[in-house]
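Read the structure below first, then the notes.
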Amino acid sequence: MSEHLLTWYDAHARVLPWRIPPGGGAADPYRIWLSEVMLQQTTVAAVQGYFHRFTARWPTVADLAAAEDADVMAEWAGLGYYARARNLLACARAVMADHGGRFPATRDGLLALPGIGPYTAAAIAAIAFGEAATVVDGNVERVIARLRHVEDPLPAAKPRITRLAEAITPADRPGDYAQAIMDLGATICTPRNPACGICPWMAPCRARAEGIAATLPRKAAKTAKPLREGVIWLARRADGAWLVEDRPARGLLGGMWGWPGSPWDGGGGAAPLTADWRDLGEVRHTFSHFHLRLQVLFAEVPQGANPERGQFRTLTGRELPTVMRKGYALATLS
DNA sequence: GAGCCGTGGAT
DNA sequence: TATCCAAGGCT
Numbered sequence: 001m002s003e004h005l006l007t008w009y010d011a012h013a014r015v016l017p018w019r020i021p022p023g024g025g026a027a028d029p030y031r032i033w034l035s036e037v038m039l040q041q042t043t044v045a046a047v048q049g050y051f052h053r054f055t056a057r058w059p060t061v062a063d064l065a066a067a068e069d070a071d072v073m074a075e076w077a078g079l080g081y082y083a084r085a086r087n088l089l090a091c092a093r094a095v096m097a098d099h100g101g102r103f104p105a106t107r108d109g110l111l112a113l114p115g116i117g118p119y120t121a122a123a124i125a126a127i128a129f130g131e132a133a134t135v136v137d138g139n140v141e142r143v144i145a146r147l148r149h150v151e152d153p154l155p156a157a158k159p160r161i162t163r164l165a166e167a168i169t170p171a172d173r174p175g176d177y178a179q180a181i182m183d184l185g186a187t188i189c190t191p192r193n194p195a196c197g198i199c200p201w202m203a204p205c206r207a208r209a210e211g212i213a214a215t216l217p218r219k220a221a222k223t224a225k226p227l228r229e230g231v232i233w234l235a236r237r238a239d240g241a242w243l244v245e246d247r248p249a250r251g252l253l254g255g256m257w258g259w260p261g262s263p264w265d266g267g268g269g270a271a272p273l274t275a276d277w278r279d280l281g282e283v284r285h286t287f288s289h290f291h292l293r294l295q296v297l298f299a300e301v302p303q304g305a306n307p308e309r310g311q312f313r314t315l316t317g318r319e320l321p322t323v324m325r326k327g328y329a330l331a332t333l334s
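Note that full-length UniProt numbering gives residue 295 to position 295 of the first sequence, counting from 1, and the numbers run on in steps of one.
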């Protein structure tokens with residue numbers, strides 16, 4: 001069965017910057033690792049530019065390990081899930097300090113590194129090191145649920161789906177097979193309107209036979225996102241610098257810069273300094289688990305301004321996470 | 001196991 | 001406008 005999928009992949013593999021062609025030569029574990037971390041819960045289109053900028057600025061794992069934290073966080077800004085960037089640095093430094101500058105060549109060895117979980121470890125082991133490790137991402141969950149007619153809802157069905165995926169993972173061409181089954185999910189076996197008519201696995205697919213392919217996999221119902229509200233204060237000094245503060249190292253937007261603000265509980269708060277604050281309106285943003293509405297207050301402040309919190313920094317806006325960029329855009333465009 | 005953790009594009 | 005969801009990991 002895998003032969004059929006690989007034949008399809010040989011003809012339809014997408015060309016991506018971090019990918020080697022089907023049957024191609026040795027992959028660079030650093031580039032595979034970097035791309036896989038960036039691609040966690042993130043689309044190919046969103047990753048492309050970031051991957052180019054990171055590899056141009058830090059061509060090797062040694063370069064990245066030696067980088068300043070703030071530079072890496074600023075380069076990651078806008079891509080989301082910022083714990084990935086913190087773990088990226090921790091992982092690069094662990095590779096240098098504990099592994100002689102080379103990534104572990106096995107799934108189990110990779111799994112011990114920060115930011116590398118079951119999926120990413122299997123992907124690197126298969127693609128960069130030729131280990132017949134089984135990748136189970138969202139694509140594979142969907143493909144296997146349909147192929148093997150798994151009606152139990154996710155995430156409870158994940159262990160069973162993993163076992164079913166392992167049972168059909170071939171020993172031949174592990175890296176190509178891993179990318180092939182994910183490509184199948186991304187381009188043919190899609191969530192809404194799967195193109196079963198041109199699928200290389202149409203014949204063995206049990207959900208297709210039952211006529212319920214598009215309804216699988218089933219998923220547990222999600223809870224509604226609550227609305228949180230707060231205020232942010234954007235102060236621009238006479239020299240053009242902006243008042244920003246370092247957010248706590250962990251948690252939401254951890255390690256990133258942000259505007260001084262109230263707690264996001266609707267209760268208001270105190271401005272970071274006394275000034276003639278002007279109401280610019282509001283910005284809205286949706287995070288993974290809540291909606292946010294922020295009132296934006298803006299003030300021009302003198303060069304000698306002495307705020308109670310934060311530091312004045314020269315900004316382009318691109319160093320900021322997206323929700324903070326929205327405030328910056330409101331202030332600079334008005 | 002379940003909640004936390006971003007963002008932008010598609011529908 | 002609301003929802004889904006994309007090469008998940010950590011606690």
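All residues carry an ideal CB built from backbone N, CA and C; glycine is no exception.
- The count of Cβ pairs closer than 8 Å, one atom from the stretch 196-206 and one from the stretch 253-267, stays below three, leaving the stretches out of contact.
- Within the DSSP bridge table, the entry for Lys158 names no partner.
- The stretch 182-198 makes no contact with the stretch 26-36; the number of CB pairs closer than 8 Å stays below 3.
- Inclusion of Gly255 and Ala85 in the CB contact set at 9 Å is warranted, their separation being smaller than that value.
- With fewer than 16 neighbouring CB atoms inside 10 Å of its own CB, Asp108 falls in the exposed class.
- By the 16-neighbour rule on beta-carbons within 10 angstroms, Ser35 is buried.
- Residue pairing by DSSP places Thr286 opposite His291 in a beta bridge.
- Under the three-state reduction of DSSP, Lys326 is assigned to helix.
- Selection Ser334, Trp58 and Leu147 evaluated against Leu280 yields Ser334 as nearest (Cα-Cα).
- When the five nearest sequence neighbours on each side are left out, the beta carbons in the same chain lying within less than 6 Å of the beta carbon of Ala299 are those of Ala235, Ala275, Asp276 and Trp277, in order along the chain.
- In the DSSP assignment, Asp98 falls within the unbroken alpha helix (DSSP H) covering Ala83 to Asp98.
- By the CB criterion at 9 Å, Ile116 and Ile127 fall outside the cutoff.
- Secondary structure at Glu229: strand, using DSSP grouped into helix, strand and coil.
- With the rule of 3 Cβ pairs closer than 8 Å, the stretch 214-227 does not count as touching the stretch 51-58.
- Taking 4 residues as the minimum length, the alpha helix (DSSP H) runs contained wholly in the UniProt domain "HhH-GPD" (38-187) are 44-57, 61-65, 69-76, 83-98, 107-111, 118-129, 138-147, 158-167 and 174-187, in order along the chain.
- Inter-segment contact for the stretch 137-144 and the stretch 157-173 is present: three or more beta-carbon pairs are separated by less than 8 Å.
- A straight-line Cα-Cα distance of about 39 Å links His4 and Ala83.
- Inter-segment contact for the stretch 88-107 and the stretch 147-155 is absent: fewer than three beta-carbon pairs are separated by less than 8 Å.
- Note that the C-beta distance between Trp33 and Val61 is below 9 Å.
- From the listed residues Glu319, Thr43 and His289, the smallest Cα separation to Ala70 is found for Glu319.
- Pairing Pro114 with Val136, the inter-Cα distance amounts to about 19 Å.
- Trp8: not part of any beta strand (DSSP E); member of the alpha helix (DSSP H) spanning Ser2 to His12, first to last residue.
- Linking Arg284 to Val323 through their CA atoms gives a straight-line distance of about 8 Å.
- By DSSP's assignment, Gly261 forms a beta bridge with Ile232.
- Using a 10 angstroms sphere on the CB of Thr120, the tally of other CB atoms reaches 16 or more, which defines it as buried.
- A check of alpha carbon separations from Thr7 across Ala180, Ile168, Thr190 and Asn87 identifies Ala180 as the nearest.
- Just so you know, the alpha carbons of Pro22 and Ala238 end up roughly 57 Å apart.
- The Cβ neighbour count for Leu294, taken over all protein chains shown within 10 Å, is at least 16; the residue is labelled buried.
- Annotation: Ala56 to Val72 spans about 13 Å, alpha carbon to alpha carbon.
- The beta carbon of Gly78 is closer than 6 Å to those of Thr322 in its chain, skipping five residues each way along the sequence.
- For Met1, the number of other beta carbons within 10 angstroms of its own is below 16, and it is reported as exposed.
- Arg250 has its alpha-carbon roughly 26 Å from the corresponding atom of Val44.
- Spatial neighbours of Gly240 in its own chain (CB-CB distance under 8 Å, excluding positions within 5 residues in sequence) are listed in chain order as Thr314.
- Of the residues Arg309, Glu282, Ala65 and Arg93, the one whose Cα lies closest to the Cα of Leu330 is Glu282.
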